[in-house]
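Structure record follows, encoded as structure tokens.
Numbering (the working numbering), first residue to last: 5 to 183.
Take a look at the structure:
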């Protein structure tokens, strides 16, 4: 070959070189999604937010607070959920660089497996990196339980339901968090 090729490593073999399609450190296929137990959240500073399921408001916060979309992958743990809850409670995203813990602002927490969607190939995203419902639901519930244990006022969506989320993004101010 005339030069290095992106994402491929050369291995010396007698008598010629051979291209491989594996990551040097792990041996994983190059196309494999790599998610190492990072729970994800899209956190938005809001001036009110609500979630509706089948024409019923199942969660709503008013005034200044955070709307949090939480994604769970296969390797996530209760410890990661507790860590995410602590981050959400203390992150200084509200007006005047305040946190929810500083001013007792509410949070609306909604499960969203699509945060682990992968649209790098083709026209249709894959969801392989998203944890299945029986793994994800208890971990999202753990984030909520840990937030409440810290003293937070938390409203939620309904796991697995088709939800309509409405919010007024204040700023706009949106942050992507991985724990």
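Backbone N, C-alpha and C fix where the C-beta goes; we use that ideal spot for every residue, glycine too. In this text, all values refer to a predicted model and were calculated from it rather than measured experimentally.
Quiz item: Going by the CB atoms, is the gap between residue 107 and residue 73 shorter than 8 angstroms?
Solution: no
Quiz item: So, residue 179 versus residue 47, is the Cβ gap smaller than 8 angstroms?
Solution: yes
Exercise. List in chain order: all unbroken beta strand (DSSP E) runs of 3+ residues lying wholly within the stretch 105–146.
Key: 111–115
Practice problem: Determine which residues share a DSSP beta bridge with residue 180 and list them. | Solution: 46
Quiz item: Buried or exposed: residue 44, going by 16 or more other Cβ atoms within 10 Å of its Cβ?
Solution: buried
Quiz prompt | Buried or exposed (CB count within 10 angstroms, at least 16 for buried), residue 37 | solution = Interpretation of residue 37 is limited by its pLDDT of 48, a score under 50 that renders its predicted location unreliable; the figure taken from the coordinates is listed afterwards. Result: exposed.
Quiz prompt | Where residue 76 falls: helix, strand or coil (DSSP) | solution = coil
Exercise. Count the other C-beta atoms from every protein chain shown that fall within 10 angstroms of the C-beta of residue 166, then say buried if there are 16 or more, exposed otherwise.
Key: exposed
Practice problem: Counting only the same chain and skipping the five closest in sequence on each side, list residues whose C-beta sits under 7 angstroms from that of residue 63. | Solution: 54, 55, 112, 159, 160 and 161
Self-check item: residue 32 (DSSP reduced to helix, strand or coil)
Solution: Its pLDDT being 45, under 50, residue 32 is placed unreliably in this model, and the coordinates cannot settle the point.
Quiz item: At which residues does the beta strand (DSSP E) containing residue 101 begin and terminate?
Solution: Residue 101 -> no beta strand (DSSP E), and no H or E assigned at all.
Practice problem: Leaving aside the five residues before and after residue 146 along the sequence, list all residues of the same chain whose C-beta is less than 6 angstroms from its C-beta, in chain order. | Solution: 82 and 85
Quiz item: How many angstroms separate the CA atom of residue 123 from the CA atom of residue 129?
Solution: 4 angstroms
Exercise. Let me know the secondary structure DSSP gives residue 58 once reduced to three states.
Key: coil
Quiz item: Excluding the five sequence neighbours on either side, which residues of its own chain have a C-beta within less than 6 angstroms of the C-beta of residue 120, listed in chain order?
Solution: 75, 77, 133 and 134
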